[in-house]
Every structure is written in C-alpha cells, then in structure tokens.
Amino acid sequence: MVCSTAPVLDNGATPADTGPVLVLLVEDDPAIARSLTTGLERFGFAVEWVTTGAAALAATGYGVVLLDLGLPDVDGLDVCRALRARTDLPVIVITARSDEVDTVVGLEVGADDYVSKPFGAREIVARIRAVLRRYRHSAPGDAAPEDDGVLVLGRVRLDRRARRVHVGEGEQVLAPKEFDLLSFLAEDPGAAFTREQILEAVWDAHWHGPTRTLDVHVGVLRRKFDGALRIETVRGVGFRLEVLP
Numbered sequence: 001m002v003c004s005t006a007p008v009l010d011n012g013a014t015p016a017d018t019g020p021v022l023v024l025l026v027e028d029d030p031a032i033a034r035s036l037t038t039g040l041e042r043f044g045f046a047v048e049w050v051t052t053g054a055a056a057l058a059a060t061g062y063g064v065v066l067l068d069l070g071l072p073d074v075d076g077l078d079v080c081r082a083l084r085a086r087t088d089l090p091v092i093v094i095t096a097r098s099d100e101v102d103t104v105v106g107l108e109v110g111a112d113d114y115v116s117k118p119f120g121a122r123e124i125v126a127r128i129r130a131v132l133r134r135y136r137h138s139a140p141g142d143a144a145p146e147d148d149g150v151l152v153l154g155r156v157r158l159d160r161r162a163r164r165v166h167v168g169e170g171e172q173v174l175a176p177k178e179f180d181l182l183s184f185l186a187e188d189p190g191a192a193f194t195r196e197q198i199l200e201a202v203w204d205a206h207w208h209g210p211t212r213t214l215d216v217h218v219g220v221l222r223r224k225f226d227g228a229l230r231i232e233t234v235r236g237v238g239f240r241l242e243v244l245p
C-alpha cells in the first residue's frame, strides 16, 4: 500500500526540498500500520506500507525505513542486514519490549536506532527526525570538517573521512551510529564524557528517546573491539574510551 506521491531520486532517496520524506513502513499488523501511517502523515511524512520482508527489499524511493522484526515471510534481522548491504539510508527497527537480544543484534547488523512497543507517534517522529539529521550531516559528498582524518588508537585505525575502521589488518564494519559514537569517544581517549554530552553529540541536541539506546550501542562496541579498546563506565557520569596495548 503506497500512501505517497512524493518525487524520488534515482538513488532511492526522497529529496527534502521537493516533497515529504517517504517512510518505508515494514509492518504486518494492520492496526499498528494504520495508526503509524495516520500519525506520520499528520507530521508531514509520506508513507509506503508493506507487510513482508520481500516487499521491503523490492521497494524504492524511500528516505528512511521503519522495520518491524517480526515479519511473516523472513526474519526481520535478515531484512535489516540486506537493506544495510545496499543502502546507507537510516533504518529504525521496531521490537517487542522484551526482545533485548533482537534489539542488540539489530544494531549490530546495521540499524541506526530502535523503538520498543508500545510507542506513540511523537516518539517515532522524534526518532525519524533525529536519524535523518544525522544522515544528512554525514551524507557522502558533504565537505568533511577540517580536523577530520585518521585516528590511530593502538591497533585500531579510525578513518573519519572514509568512515571506516580497521583493527590490525582487518576491517571492522560499523553501523552509522556505532561509528559516530566511537568517533566521538576517540576525540579524547581517557576523558570521561557525560551521557548528556554523548547523546547530544551522537544522536541529537533535541533527543527525546530513552538513554538505554546509548547503553545498547556501547555494548555493541565493547563486543566488536574486545581486546583492542575498552569503553569504561564512569559511575554517575557516563563513559570513557581506553586504548589497550
């Protein structure tokens, strides 16, 4: 079901200056989908609603994806992985409140954010706006800040211009938010950053979501860089990055 006439670019992105952002909603529950569609359209978004993973992978022209992990034809995590392999457009996964494992794995395979059921339209809209701001800020072709470059953190090489990270001779693939978080902490290894500083820098100055999102991303980075980097919890403050020998 397509609820949009928004113009699209050949690369699949919806240009913000010529029409509303097209949200690809992948949700097999009609009641949830109708409610989300109504809420998103009220806030100025266009919506394309599909009910299966196959339809999601066949869709084009969208600017952001809302992906329910519980789909009837294919594992939503596999859909997320496939989407990330073909595009760097933002993906927000929708999970049941108890599915913490799915949430963590979803972030590991490339989701930019997650939202747990039940949720309201305002929360979804805030998440979408936040990931779109981050995406547009770091989109390919944008001029890199003058101080961007390569950071060497022990065995880890972080290339901000190319947005790539290597551990030794091998590349460690990171989701966009994972890269942003690591890049921020790596600006001053050993320094303690507050949760508020991190959320404002990595997510958005107007972030309305739960700070649990930060903890999940920290957990993912800890696993991916185990033995090379350590992200320590500073009680009552936030986190700091330590470089291991």
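Using UniProt numbering, you'd call the opening residue of the sequence shown number 1 and step up by one each time.
In this text, a Cβ means the ideal position worked out from N, Cα and C, and glycines have one as well.
Here the structure is a predicted model, which means the values were calculated and not measured.
What number of angstroms, rounded off, separates the C-alpha of Ala144 from the C-alpha of Val115? Legend: pLDDT at Ala144 = 37, less than 50; position of this residue unreliable, no value from coordinates given.
From His166, Ala58, Tyr62, Arg160, pick the residue whose C-alpha is nearest to that of Ala82; which is it? When only C-alpha atoms are compared, the closest one is Ala58.
Shortest alpha-carbon distance to Ile32 belongs to which of Pro90, Glu196, Ala192, Ile94? Of Pro90, Glu196, Ala192, Ile94, the smallest CA-CA separation from Ile32 is found for Ile94.
Helix, strand or coil, according to DSSP, for Glu169 in the structure here? Glu169 falls in the coil class under three-state DSSP.
Per DSSP, what kind of secondary structure is Phe225 in: helix, strand or coil? DSSP, read as helix, strand or coil, puts Phe225 in coil.
DSSP on Arg230, reduced to helix/strand/coil? DSSP places Arg230 within a strand segment (E or B) once states are collapsed to three.
Please check the pair Arg155 and Gly168, which I expect to be a contact at CB under 8 Å, by giving their CB distance rounded to whole angstroms. For a cut-off of 8 Å, the C-beta gap from Arg155 to Gly168 is around 5 Å, short enough to register as a contact.
Helix, strand or coil at Leu182 [DSSP, three-state]: Secondary structure at Leu182: helix, using DSSP grouped into helix, strand and coil.
Cβ neighbour criterion (16 or more within 10 Å) applied to Leu66: By the C-beta density criterion, Leu66 is buried, having at least 16 other C-beta atoms within 10 angstroms.
Local conformation of Asp78 per DSSP, three classes: Residue state, collapsed to three classes: helix.
Mind listing, in chain order, the continuous alpha helix (DSSP H) runs of no fewer than 4 residues lying wholly within the region 35-94? Counting only runs of 4 or more, we get 53-58, 76-86.
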